[in-house]
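A.B. asks:
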Amino acid sequence: MTYLDQHHKMTDEELLEYAKRLYDRVAFSQSTDIPLIELRNVVPVLIDRLREKAKAEQAEPGCVDKY
C-alpha cells in the first residue's frame, strides 16, 4: 500500500477528520506559498460541505456508502 492508497480506504468521516487535522497544522502558517494559502482558504469550506452531505446521506433510509 502506498501513502496515497491509505486515503482511498478511509470512510468519509475518517477522511474529513484527517483533512481537518492537516488543516489545523497549516492554518496559521506564515508561508507565502500560494498553493498553501489557497488550501487554507478551501479546506474549511470543503470539510463543512462534505460533513453536511454525509449527514444528509446517513439520514436517508436505506443509505449505502458508495465509496
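Numbering (my numbering), first residue to last: 7 to 73.
Even glycine gets a Cβ: it sits at the ideal position worked out from N, Cα and C.
Predicted, not measured: the structure shown is a model, and the values here were computed from it.
Specify the secondary structure class of Glu92 as computed by DSSP and reduced to three states.
C.D. replies: Residue 92 falls outside the range modelled here, since the chain spans only 7 to 73, and no answer is possible.
A.B. asks: Given Met16, which residues of its chain have a CB within under 8 Å of its CB, disregarding the five upstream and five downstream residues?
C.D. replies: In the sequence shown, the residue the question calls residue 16 occupies position 10. Hits under 8 Å: Tyr24.
A.B. asks: Give the C-beta separation of Asp18 and Ala62 to the nearest angstrom, bearing in mind that I take them to be a contact with Cβ-Cβ under 8 Å.
C.D. replies: Residue 18 sits at position 12 when you count from the first residue of the sequence shown. Residue 62 sits at position 56 when you count from the first residue of the sequence shown. That pair is no contact at about 12 Å.
A.B. asks: Please state whether DSSP places Gln36 in a helix, a strand or coil.
C.D. replies: Sequence index remark: in the sequence shown, residue 36 carries index 30 (1-based). Coil at Gln36, not helix or strand.
A.B. asks: Can you look up Lys59 in the DSSP assignment and give me helix, strand or coil?
C.D. replies: Counted from its first residue, the sequence shown places residue 59 at position 53. Reduced to three states, the DSSP call for Lys59 is helix.
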